[in-house]
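Asker: Protein chains in written order, with my numbering: chain A, 42 to 479; chain B, 2 to 169.
Take a look at this one; I'll ask things after.
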């Protein structure tokens with residue numbers, strides 16, 4: 042976990058890695074029907090010989106360590122995983138199609154349900170895209186509130202990872218601790234947004250409400266209790282030989298391989314590749330706060346765990362700075378095009394009532410155009426490609442889910458390892474299936 | 002629009018129309034020059050393919066933003082590439098006619114597009130030539146239709162449960 046100052050782009054692609062991807066020795070590329078046939082009469086795909094040792098094992102979608110409903114087809118030889126195929130889609134509800142039938146104001150209610158462990162990031166990226174198409178400026182305070190909430194959400198999401206990662210590896214007490222600390226953060230969210238998840242708090246034009254009275258005290262309380270507990274995690278996990286043995290050297294990914302497979306976020310950083318959109322493509326006010334980009338050295342499951350643990354500290358460090366730097370002002374834009382009139386005006390003015398009614402029934406019209414925005418979510422680059430035809434609803438909304446792309450690394454990480462390591466690998470990739478399937 | 006000149010210079014072999022929107026560079030290669038353009042961009046330093054998706058312009062055919070000489074078609078494959086060293090993104094929009102929705106796969110250049118191309122095929126029915134596993138990814142393997150197309154209505158397909166005996 043030594044921070045590397047310089048980015049290391051242009052890494053030469055190892056030729057053997059290229060072959061490994063193309064010849065499919067790690068990725069099982071076959072349909073379920075084919076796999077079922079193979080499971081009955083196992084034979085070597087190259088020589089055609091009957092190999093009794095080789096079999097297709099189905100893992101999931103209801104397996105507890107598959108983080109929701111990920112299903113894996115594993116080609117096994119004894120205990121060793123040869124090829125594998127992640128089977129996804131069990132949570133597919135057509136949210137991109139739904140997004141085309143909701144107004145831009147309703148959009149965040151939809152996208153927030155994608156990555157349910159870090160909902161605020163989906164809302165943020167959708168709002169940023171809409172605002173860019175609209176060409177509106179968001180007040181400074183709204184930007185800082187967004188940043189504050191997102192960093193807390195990153196901490197909450199990584200705490201959830203610490204909990205599930207611990208449990209997957211047999212450190213069951215971590216499950217309790219991780220959820221306990223996350224709960225503290227969610228309690229703050231509930232106070233600010235009214236909800237513990239699926240907040241619909243970040244909206245085009247700003248945020249839904251200003252921070253409640255006493256938010257500073259709540260944050261100071263958080264900053265007081267969480268860091269010592271992170272130190273406890275280190276004692277519990279980092280210094281635990283069994284935990285280390287389960288993770289170190291398991292599921293090693295090369296930087297070039299990660300880039301080729303479009304992996305982002307902690308997975309990419311754990312390989313030692315110094316890349317974080319918050320620093321390298323600053324959005325919100327990340328250029329005005331200090332934080333370290335945490336990188337690993339070996340790209341194994343332990344590094345992915347350690348990167349996330351340290352990122353919680355960095356997020357809290359940002360929160361600490363936001364406490365002092367939070368500017369005054371509006372929490373949403375006063376552009377009448379997207380913001381309804383104040384409640385008091387509605388009682389006095391017929392026009393204000395009509396205006397309010399129009400915004401919430403028809404929605405505001407967004408100029409024609411297409412735009413791509415990206416933010417660094419806890420899982421990597423979360424992007425939104427938004428096309429508007431000039432109407433009140435998006436013509437097309439595509440969410441580039443980091444988990445969806447990161448999942449492609451699974452077969453390569455598990456290749457040639459024991460099936461017990463598969464659990465550690467899935468856990469360390471930390472996919473959120475709601476975002477994978479959308 | 003200085004971007005236009007830069008890209009015209011760098012891609013003399015296959016000139017590619019380019020536009021800029023909100024400071025984002027958009028290239029509009031024709032379908033035949035698509036892979037060659039991506040390859041030259043990769044050699045230039047665009048090290049990762051961030052996203053790949055499709056837009057169905059069935060009900061919005063006369064969109065703006067296309068440069069002169071680019072004939073609008075029903076489908077558009079949208080690919081985002083990222084050059085980390087120069088901190089630059091580029092977006093490619095490739096016009097795909099409705100009667101032959103086929104494009105070459107980017108798998109050999111960017112293996113990370115494998116799942117994205119499968120998703121695009123699954124939801125839009127755009128085919129990717131040379132893809133190693135050209136199959137559905139989100140929907141069941143025996144599904145018919147491509148739901149994100151604009152002519153697939155909402156609610157046209159009743160919600161299916163496992164116990165339901167009738168074919169959707």
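Here a beta-carbon is modelled for each residue, glycine too, at the ideal position from N, C-alpha and C.
Can you list, in chain order, the residues of its chain with a C-beta nearer than 6 Å to that of residue 82(B)? Leave out the 5 residues immediately preceding and following it.
Answerer: Closer than 6 Å at Cβ, skipping near neighbours: 42, 47, 50 and 91.
Asker: Give the C-beta separation of residue 104(B) and residue 58(B) to the nearest angstrom, bearing in mind that I take them to be a contact with Cβ-Cβ under 8 Å.
Answerer: Not really, about 15 Å apart at Cβ, beyond 8 Å.
Asker: Please decide whether residue 115(B) counts as near chain A, where near means a Cβ-Cβ distance under 8 Å.
Answerer: Closer than 8 Å: yes.
Asker: Determine the closest residue to residue 178(A) out of 373(A), 384(A) and 413(A), with distance taken between C-alpha atoms.
Answerer: It is 373(A).
Asker: DSSP three-state call for residue 434(A): helix, strand or coil?
Answerer: It is coil, neither helix nor strand.
Asker: Can a CB atom of chain A be found closer than 8 Å to the CB of residue 36(B)?
Answerer: False, the Cβ-Cβ gap to chain A never drops below 8 Å.
Asker: Once DSSP output is grouped into helix, strand and coil, what is the label at residue 126(A)?
Answerer: Three-state result, residue 126(A): strand.
Asker: When the distance is taken between beta carbons, is residue 423(A) closer than 8 Å to residue 441(A)?
Answerer: The answer is yes: Cβ separation under 8 Å.
Asker: Using a beta-carbon distance below 8 Å, is residue 404(A) in contact with chain B?
Answerer: With 8 Å as the cut-off, residue 404(A) does not count as an interface residue toward chain B.
Asker: Taking Cβ positions only, does residue 122(B) come closer than 8 Å to chain A?
Answerer: Judged by the 8 Å Cβ criterion, residue 122(B) is not in contact with chain A.
Asker: Going by C-alpha to C-alpha distance, which of 239(A), 283(A) and 355(A) sits closest to residue 152(A)?
Answerer: When only C-alpha atoms are compared, the closest one is 239(A).
Asker: Counting only C-beta atoms, is residue 451(A) closer than 8 Å to chain B at any point?
Answerer: For residue 451(A), the answer is no, since every Cβ of chain B falls outside 8 Å of its Cβ.
Asker: Do residue 138(B) and residue 130(A) have their beta-carbon atoms positioned less than 8 Å apart in this structure?
Answerer: In contact: residue 130(A) and residue 138(B) (Cβ atoms closer than 8 Å).
Asker: Just the C-alpha distance for residue 75(A) and residue 95(A), rounded to the nearest angstrom, thanks.
Answerer: Cα-Cα distance, rounded: 15 Å.
Asker: Should residue 67(B) be flagged as near chain A, meaning a C-beta pair shorter than 8 Å?
Answerer: It does not: the Cβ of residue 67(B) has no partner Cβ on chain A nearer than 8 Å.
Asker: Chain A beta carbons: is any one of them nearer than 8 Å to that of residue 23(B)?
Answerer: So, interface residue.
Asker: Could you give the DSSP three-state label for residue 413(A): helix, strand or coil?
Answerer: Of the three classes helix, strand and coil, the one that applies to residue 413(A) here is strand, per DSSP.
Asker: Verify whether the separation of the beta carbon atoms of residue 199(A) and residue 361(A) is less than 8 Å.
Answerer: Cβ distance not < 8 Å, so residue 199(A) and residue 361(A) don't count as in contact.
Asker: Between the C-alpha atoms of residue 173(A) and residue 460(A), what's the straight-line distance to the nearest angstrom?
Answerer: When rounded, the distance between both Cα atoms is 46 Å.
Asker: Excluding the five sequence neighbours on either side, which residues of its own chain have a C-beta within less than 6 Å of the C-beta of residue 117(B), listed in chain order?
Answerer: So the qualifying residues of the chain are 53.
Asker: For residue 126(B), decide whether its Cβ has a neighbour in chain A, counting only Cβ atoms nearer than 8 Å.
Answerer: Output row for residue 126(B): interface = no.
Asker: Looking at the secondary structure, which residues open and close the beta strand (DSSP E) in which residue 425(A) lies?
Answerer: 421–429 is the extent of the beta strand (DSSP E) around residue 425(A).
Asker: Interface residues of chain A around residue 54(B) at Cβ under 7 Å?
Answerer: Neighbours of residue 54(B) on chain A, chain order: 426 and 439.
Asker: Which bits of chain A does residue 134(B) rub up against, with CB to CB less than 7 Å?
Answerer: Per Cβ cutoff of 7 Å: 70.
Asker: Please report the distance separating the alpha-carbon of residue 115(B) from that of residue 314(A).
Answerer: Computed Cα separation, rounded: 22 Å.
Asker: Please report the residue range of the alpha helix (DSSP H) in which residue 354(A) lies.
Answerer: Per DSSP, residue 354(A) belongs to the alpha helix (DSSP H) from 342–366.
Asker: Can you name the residues of chain A whose CB is closer than 9 Å to the CB of residue 142(B)?
Answerer: 72, 73 and 74, listed in chain order.
Asker: How would you list, in chain order, the residues of chain B whose beta-carbon sits under 7 Å from the beta-carbon of residue 300(A)?
Answerer: Under the 7 Å cutoff, chain B gives 48 and 49.
Asker: In terms of residue numbering, what span does the beta strand (DSSP E) encompassing residue 133(B) cover?
Answerer: No beta strand (DSSP E) holds residue 133(B); DSSP gives it neither H nor E.
Asker: Select from the segment 65–91 of chain B all residues with a C-beta closer than 7 Å to any C-beta belonging to chain A, and list them in chain order.
Answerer: Within the segment 65–91 of chain B, the qualifying residues are 65, 66, 79, 81, 85, 86 and 88.
Asker: Secondary structure at residue 96(B), three-state DSSP: helix, strand or coil?
Answerer: Strand at residue 96(B).
Asker: Output the boundary residues of the beta strand (DSSP E) element that contains residue 105(B).
Answerer: Element bounds for residue 105(B): 103–105.
Asker: According to DSSP, which residues form a beta bridge with residue 121(A)?
Answerer: Residue 121(A) pairs with 118(A) and 459(A).
Asker: Kindly indicate the opening and closing residues of the beta strand (DSSP E) around residue 19(B).
Answerer: Its beta strand (DSSP E) spans residues 18–22.
Asker: Can you name the residues that DSSP bridges to residue 54(B)?
Answerer: Note: residue 54(B) sits in a beta bridge opposite 79(B).
Asker: Suppose contacts are defined by Cβ-Cβ distances below 8 Å. Is residue 421(A) in contact with residue 305(A) by that definition?
Answerer: Closer than 8 Å, so yes.
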